[in-house]
Structures are given as C-alpha cells and as structure tokens.
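A.B. asks: Here it is, the structure, as structure tokens.
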Amino acid sequence: MSRGFEIGCGGPRAFRAAACVGYALLLYVCQMTLWGGLPLTSHISLELIELIGSWSVPLCAALALVCAAAGFTAFRSAKPASFRAAVSIAAAAAAAMAAGYPLAAWTGGVDLCVCAGAMLLAAGMAASFCLWCLVFSRMGAPRAAESALVSVVISSALSLATFGLAVEGLEAAFFAAVALSALSLAYALRDVRASCADASCGARRLRHGAGAFSSLRSLLEGVRVPLLCACAIAFAVAITRMMSLTAAPGMAAAVNMLGVLAAAIAAVALLLFARKKGREGLSIGIPSLFQVLFPLVATLLLVMSVAGPVASAAVGAAVFALYSIMFALVMPACIEGAEEEGAPCVAVYGFFVGAVYALFASATYLGVVLFERGESEASVSFVAVLLVLYVLAMADAIVHRRARASAAMRPHAEDACAAGENPSAIGEAHAAETACVGADARLAARAASKGAAADGCGPAGEGDGGKRAPSEARRDQAHAAPRSGERSDEDPSVRKPEDPIERRCLNVARAYGLSPRETDVLVAFAHGRNVAYLAEHLVLSTNTIRSHSKTLYAKLGVHSKQELIDLVERE
C-alpha cells in the first residue's frame, strides 16, 4: 500500500501564506458552487433533483474533462509552462469562473444556459486546481499536506462566516473569492521555477514507451492505491449525498454548514495530532482515510435507514467532511507519486482528479436516475445502499490483496537486498557511454550480480550458479565480471567513475555517509530514473526502493528529486 506523507513545517512564510490563503479561497468557491453554498434556487425555478441534474452533473463532468486535458498537456509537453503562460491561464480561469455563475443564474433558468454556465465555471476551477498543484509541488509532499489541511480550515471558516447572508452578499463573497484566489495564485507562481524539470528524463521515457496505455499506467504507478481509494470514496459520497438531500430536502443548507464545521474540526485535529507527535509521528494518506471511511459509511447508512430525516442530515454532513479531507490529501499524494515516478506533478494530478470527478459525476447522475423514477423511496434507498457497500467492499478487497502481496514480497526483497548489498560486480563499462546509458549498464550489472549471489552464494560459476544456461552465464559475465585489477569489494569511497554525474554522486555519498544501496538510488535518481525503473533493474519491490529513497532523502535533508539534483550539481 502506498504510504502517506508526514506533516511537517517550514518554507518561506510569505509563499506558504499566499498558497494556503489562495487555495482556501478556491476551495471556498468550490464549496459554494458544487455543494450548494450559493442559493441557485432563488434564480432558477427547478426542483432539487432537476437542479442537480442540470448543474452538478455537468459541473463535475467538466471538471473531470478539463483536469484530464490539463494532465495530458503537461504529460506531453517537453518543458513546464513559463511564468507568463501560467499567469495568463490563471487569469483566464478566474474570468471563466466569474462568467460561469451569472450565465447559469441570471439568464432565467434556461436548462442550456445552466449547463453551459456550470461547464464554464468548472473549466476555470479545474485550471486553477492544476496551477495550485504546481505551486504546492515546490513545498514537497509533507509540507503540502499540512498546507492543504490549513486551507481546509480557512475555507471552512469563510463558509461559516458567510452563512446566513442574503443572496447579494453571498454572490459578492463568491466574486471576491474568485478574484483574490487568482491574485494569490499569480503571487505564488512568481516563486515557481521549473517544478517539473527533474521529471523531464522520466517523462520522456514514459512518453516514448510501449504505448499510450502503458505510458499512462506507468505515470500513475505511484498513486494507484490512493486513486482506487479516492474513486471509491467519491462514489460513496455522491450516492450518500443524494440520499440525504432527497430524504431531507429542506435541510440542505444545514447539511452544508454541518459538513463544513465537521471538516474544519477534522483538519484541526489532524494538524494538532501531527504537532504533538512530531514530524515522524503521523503519516497521513488516502488509503488510511479509506480504512476509516468504510465502516463509518456503512454504519451511517444503517442509521439513516432507521432514524429518518434528522439522521440523513448528519450523514450528509459526515460524508461532506470526509470528502473534504480526502480531496485535501489528493494534491500531496500526487506530488509524492510524481516525485517517485519522475513525472510532472500536474500530469499525475490532472489524471487523478479527472478520474475522481468522472466517477463523482457518474454516481451523481446515477442517483438522479434512481430518485427521479418515482418508485417507492424504500426500494430506491435499498438499491443505493447496496451499490455503495458493493463499491466500498470491492475497493477494500483490492487494497487488502495488494497489501498482502506487498507483505509477502517484503521478506524476499529484504533477502535480495542483503544478498546484493555489496556492489562488487559493478564495473566501469559505462566509461564510453552516455550518462543515461551508463546508468542502464550499472543497474543491469547490479541485477546480474545479485542474481549470481542468490543462486550460488558467491561469484558466478560457483555452487548452483554454475548450472545456469551458457547464454545466461555469458551475459552475466559480460555485464557483471569486474575488470582485471579492480577491487571486488567496491564501495563509494574507492569507485572512480568517468561519468561526471556519478562522480558528483559519489562525492555526496562520501560526505553524507551513504550506504552502497543508497548510493545506487542516488545515482539513478540523478540520471532521471524513477522507482519503478529501479525496482525492475535491481529485482526489488517498489516498497524496498521507496524505503531506501526515504532514508536517502532524510540523510541528505531534501524533500524532492529537484532538491536532490541541485545538491548533486553543487558538488
């Protein structure tokens, strides 16, 4: 299972303050439009189910499409967007949000205008979310997690402060939030340089891989489990929200405010608990949140089916709070996954959020279809409960299966790591090759050396290793046999590579006391390799590689691959 991210602190205060406040304003805009904070019913004479079908479903669908398009664009681009281009996109996104609501609310409630306004608003929000991901990526995953939770608290405070205002006051607050969020984004983008420059080599390798599907799968490798859990949470929240709104339509505003308050309390509790435990004391991730949500939602659905409308309001508030916390953790999860896979963070975030909102839109539309049919409320609620429990159970089974598989692989990975800890078979065959080709040769040699040690408990040709096929033995000998005069117990202090990048890496390894395995990870990362590549060529599990990379980052005092590369280049 993918690990979470530790909550930490630090960073330039002005930059972090602008990021927290600006992102909180965008979350406030999202809460007002997607979750019913704006009184659309005062302008549009539609029933609740009809309004959800004409407004919420197109809004979520457009969010999914635009986020996926932004992710695809970032994935295919050769270099990150310039500051001028990013600010232009932020301004266009703010204009789209400012124009989307009036188009839907001030045109007489025409269905086509409502749908078009929702899609225009969603396009602006999606572009802004992707740009904020670019900003938060400069903090690294641990600090991004803390900042995102702080933003949840600020947006909840804004929602509570504006609760009960007249329609004109709420609309003025909406336009002010859009404008201030765009200004904060432009300010924060000044400090964003080439956030994805460290991902250029890995992104090129993914783009020119076996095919589009394989490239996308490799891109999302680091966030596969969080993505599955987030999609299951989105489906459950969408259906449960529909059930609570139809059971108590007159309590929609109260449900929203209770949900906002619960989200703020949960975020503050997580932040305080993290401070109490210290930087190493708390690890937060979407899979961990999913393990809490599954039994909680099942219990709430049972209570709602028995207790009636009052319980429905409580259930709606609870699922809103859970979704708010989950969405706050999406950005740091994508930043962490992008760092591990050597991919642009906006690409990972765009595809991730696109998938989540696509499922949210589908589940919301399914709820509209179910509750519009006019059948008995009990039968519809029963079908909805079964759907939610089925999706959650399937996701839980898949997560546990992957966790068991990872646990089963861990002893073998540790044995393999112990067998290959001494990099005795790494030669200097890369001297006449380019940097990336040299990294390939070194990793292949490491894998061949470890295979020989595991088979024969010694050099190639001894023990069981001598029984291998001649072609395999020749291949291992060509890649792994040390040259005449080389030391067989090579370590970072005696290796003298001709590759300038590896030479700098070995200087760093000596200065910081890195182990041979950590040195291999450092060299691979410096050449643009990612976790999946290392796991394949070192014949280790991805969890083992991530453990080495986490230890490496801690020893070097860095939080991202870009900081690691900067450290190597300074040597």
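The sequence shown: position 51 = 51 (the UniProt record's numbering), numbered continuously. Just so you know, even glycine gets a beta-carbon here, dropped at the ideal spot from N, CA and C.
Helix, strand or coil for Pro-249? Go by DSSP, reduced to three states.
C.D. replies: Looking up residue 249 in the sequence shown gives position 249. Helix, per DSSP.
A.B. asks: Using C-beta distances below 6 Å, list every residue in its chain close to Leu-126, excluding the 5 sequence neighbours before and after it, in chain order.
C.D. replies: As a working mapping, residue 126 is identified with position 126 in the sequence shown. Here the sequence assigns Ala to residue 126, which means Leu is not the residue at that position. Excluding positions up to five away in sequence, the list reads Leu-63, Val-66, Cys-67.
A.B. asks: For the alpha helix (DSSP H) holding Gly-71, just list the boundary residues, first then last.
C.D. replies: In the sequence shown, counting from the first residue as 1, residue 71 sits at position 71. Residues 57 to 76.
A.B. asks: May I have the straight-line CA-CA distance separating Val-135 from Ala-123, to the nearest angstrom?
C.D. replies: Taking the first residue of the sequence shown as 1, we reach residue 135 at position 135. Taking the first residue of the sequence shown as 1, we reach residue 123 at position 123. Taking the straight line joining both Cα atoms gives about 19 Å.
A.B. asks: Closest by CA to Val-29, which one among Val-167, Ala-14, Ala-98?
C.D. replies: Along the sequence shown, one-based indexing puts residue 29 at 29. Among Val-167, Ala-14, Ala-98, the Cα nearest to that of Val-29 is on Ala-98.
A.B. asks: Suppose the cutoff is 7 Å on Cβ atoms and the five residues either side in sequence are ignored; what does the same chain contact list for Leu-522 look like?
C.D. replies: Along the sequence shown, one-based indexing puts residue 522 at 522. Taken in chain order, the residues that qualify are Cys-505, Val-508, Ala-509, Leu-514, Leu-552.
A.B. asks: Quick one: grab the DSSP three-state call for Ser-156.
C.D. replies: Residue mapping note: residue 156 aligns to position 156 of the sequence shown, counting from 1. Three-state DSSP puts Ser-156 in a helix.
A.B. asks: Just mark Ser-42 as buried or exposed, buried being the case when its beta carbon has 16 or more other beta carbons within 10 Å.
C.D. replies: As a first step, residue 42 is located in the sequence shown; it is residue number 42 there, counting from the start. Under this definition Ser-42 is an exposed residue.
A.B. asks: With 16 other CB atoms within 10 Å as the buried threshold, where does Ile-265 fall?
C.D. replies: For the purposes of this step, residue 265 is taken as the residue at position 265 of the sequence shown. With fewer than 16 Cβ atoms within 10 Å of its Cβ, Ile-265 is classed as exposed.
A.B. asks: Considering only the alpha carbon of each residue, which of Glu-341, Arg-546, Val-399 lies closest to Asn-530?
C.D. replies: Translated into positions along the sequence shown, residue 530 becomes position 530. Taking only the C-alpha atoms, the option nearest Asn-530 is Glu-341.
A.B. asks: Note down the Cα distance separating Val-380 from Gly-557, rounded to an integer number of angstroms.
C.D. replies: Position 380 of the sequence shown, counted from the first residue, corresponds to residue 380. Position 557 of the sequence shown, counted from the first residue, corresponds to residue 557. The alpha-carbon atoms of Val-380 and Gly-557 are separated by roughly 55 Å.
A.B. asks: Shortest alpha-carbon distance to Val-369 belongs to which of Ala-14, Ser-54, Glu-336, Gly-37?
C.D. replies: Here residue 369 corresponds to residue number 369 of the sequence shown, with the count starting at 1. The candidate whose alpha carbon is nearest that of Val-369 is Ser-54.
A.B. asks: Report the residue from Ser-244, Ser-155, Gly-140, Ala-148 whose alpha carbon sits nearest the alpha carbon of Leu-270.
C.D. replies: Here residue 270 refers to the residue found at position 270 of the sequence shown. Selected option, being the one with the closest Cα: Ala-148.
A.B. asks: Taking Arg-219 as the reference, which of Leu-40, Cys-334, Ser-184 has the closest Cα?
C.D. replies: Start at 1 with the first residue of the sequence shown, and residue 219 comes out as number 219. The question names Arg, yet the displayed sequence has Leu at residue 219. Of the listed residues, the one whose Cα sits closest to Leu-219 is Cys-334.
A.B. asks: Please classify Met-242: does DSSP put it in a helix, a strand, or coil?
C.D. replies: Translated into the one-based positions of the sequence shown, residue 242 becomes position 242. If DSSP states are grouped into helix, strand and coil, Met-242 belongs with the helices.
A.B. asks: Does Thr-364 pass the burial test, meaning 16 or more other C-beta atoms within 10 Å, or should it be called exposed?
C.D. replies: Counted from its first residue, the sequence shown places residue 364 at position 364. Thr-364 should be labelled buried.
A.B. asks: With DSSP collapsed to three states, give me the class of His-527.
C.D. replies: Position 527 of the sequence shown, counted from the start, is the residue given in the question as residue 527. Reduced to three states, the DSSP call for His-527 is coil.
A.B. asks: Does the CB of Glu-339 have a neighbour CB from chain D at under 8 Å?
C.D. replies: Absent here is chain D; the protein component of the structure consists of one chain.
A.B. asks: Would you say Phe-352 and Val-223 are within 8 Å of each other, going by their C-beta atoms?
C.D. replies: Position 352 of the sequence shown, counting from 1, holds the residue named residue 352. Position 223 of the sequence shown, counting from 1, holds the residue named residue 223. Yes, the pair counts as a contact, with Cβ atoms nearer than the cut-off.
A.B. asks: Please confirm whether Ala-93 and Ser-128 have their CB atoms less than 8 Å apart.
C.D. replies: Locating residue 93 in the sequence shown gives position 93, counting from the first residue. Locating residue 128 in the sequence shown gives position 128, counting from the first residue. Result yes, Cβ atoms of Ala-93 and Ser-128 sit closer than 8 Å.
A.B. asks: Between the C-alpha atoms of Gly-140 and Glu-336, what's the straight-line distance to the nearest angstrom?
C.D. replies: As a working mapping, residue 140 is identified with position 140 in the sequence shown. As a working mapping, residue 336 is identified with position 336 in the sequence shown. Using only the alpha carbons, I get a separation of about 7 Å.
A.B. asks: Which of the three DSSP states, helix, strand or coil, is assigned to Gly-513?
C.D. replies: The residue labelled residue 513 in the question sits at position 513 within the sequence shown. Note: Gly-513 maps to coil in three-state DSSP.
A.B. asks: If you draw a straight line from the alpha carbon of Tyr-357 to that of Glu-569, how long is it in whole angstroms?
C.D. replies: For this step, residue 357 is matched to residue 357 along the sequence shown. For this step, residue 569 is matched to residue 569 along the sequence shown. Distance between the alpha carbons of Tyr-357 and Glu-569 is about 40 Å.
A.B. asks: For the candidate residues Glu-518, Ala-338, Ile-233, whose alpha-carbon lies nearest to that of Phe-75?
C.D. replies: Translated into positions along the sequence shown, residue 75 becomes position 75. With distances taken between Cα atoms, Phe-75 lies closest to Ala-338.
A.B. asks: Pairing CB atoms from the segment 166 to 186 with CB atoms from the segment 293 to 302, are three or more of them under 8 Å?
C.D. replies: Contact fails: fewer than three Cβ-Cβ distances are below 8 Å.
A.B. asks: Helix, strand or coil: how does DSSP classify Leu-26 here?
C.D. replies: Taking the first residue of the sequence shown as position 1, residue 26 is located at position 26. In the structure shown, Leu-26 sits in a helix (DSSP, three-state: H, G or I).
A.B. asks: Measure from the alpha carbon of Leu-258 to the alpha carbon of each residue in Thr-246, Ala-314, Ala-232, then state which is nearest.
C.D. replies: Here the question's residue 258 lines up with position 258 in the sequence shown. Taking only the C-alpha atoms, the option nearest Leu-258 is Ala-314.
A.B. asks: Using the rule of at least 16 other Cβ atoms within 10 Å of the residue's Cβ for burial, across every protein chain shown, is Val-391 buried or exposed?
C.D. replies: The residue labelled residue 391 in the question sits at position 391 within the sequence shown. Buried: at least 16 other Cβ atoms inside 10 Å.
A.B. asks: Under a Cβ-count criterion, where at least 16 other Cβ atoms within 10 Å of its own Cβ denotes burial, should Leu-443 be classed as buried or exposed?
C.D. replies: Taking the first residue of the sequence shown as position 1, residue 443 is located at position 443. In this predicted model, Leu-443 has a pLDDT of only 47, less than 50, meaning its place in the structure is not dependable; the value taken from the coordinates is given anyway. Answer is buried; the Cβ neighbour count reaches 16.
A.B. asks: Are the CB atoms of His-559 and Pro-142 nearer to each other than 8 Å?
C.D. replies: In the sequence shown, counting from the first residue as 1, residue 559 sits at position 559. In the sequence shown, counting from the first residue as 1, residue 142 sits at position 142. In contact: His-559 and Pro-142 (Cβ atoms closer than 8 Å).
A.B. asks: Which word fits Val-306, buried or exposed, when buried means at least 16 other C-beta atoms lie within 10 angstroms of its C-beta?
C.D. replies: As a first step, residue 306 is located in the sequence shown; it is residue number 306 there, counting from the start. Exposed: under 16 other Cβ atoms inside 10 Å.
A.B. asks: On the criterion of 16 or more Cβ atoms from any shown chain inside 10 Å, does Pro-287 qualify as buried, or is it exposed?
C.D. replies: Looking up residue 287 in the sequence shown gives position 287. Per the 10 Å Cβ criterion, buried.
A.B. asks: Compare the Cα-Cα distances from Leu-227 to each of Val-348, Arg-13, Asp-499, Ala-70 and report the closest residue.
C.D. replies: Residue 227 sits at position 227 when you count from the first residue of the sequence shown. Nearest option by C-alpha distance: Val-348.
A.B. asks: Looking only at its chain, what residues have a beta carbon closer than 8 Å to the beta carbon of Leu-34, apart from the 5 residues adjacent to it on each side?
C.D. replies: To locate residue 34, count along the sequence shown from 1; it is residue 34. Counting only Cβ-Cβ distances below 8 Å, and skipping sequence neighbours, we find Ser-56, Leu-59, Cys-60.
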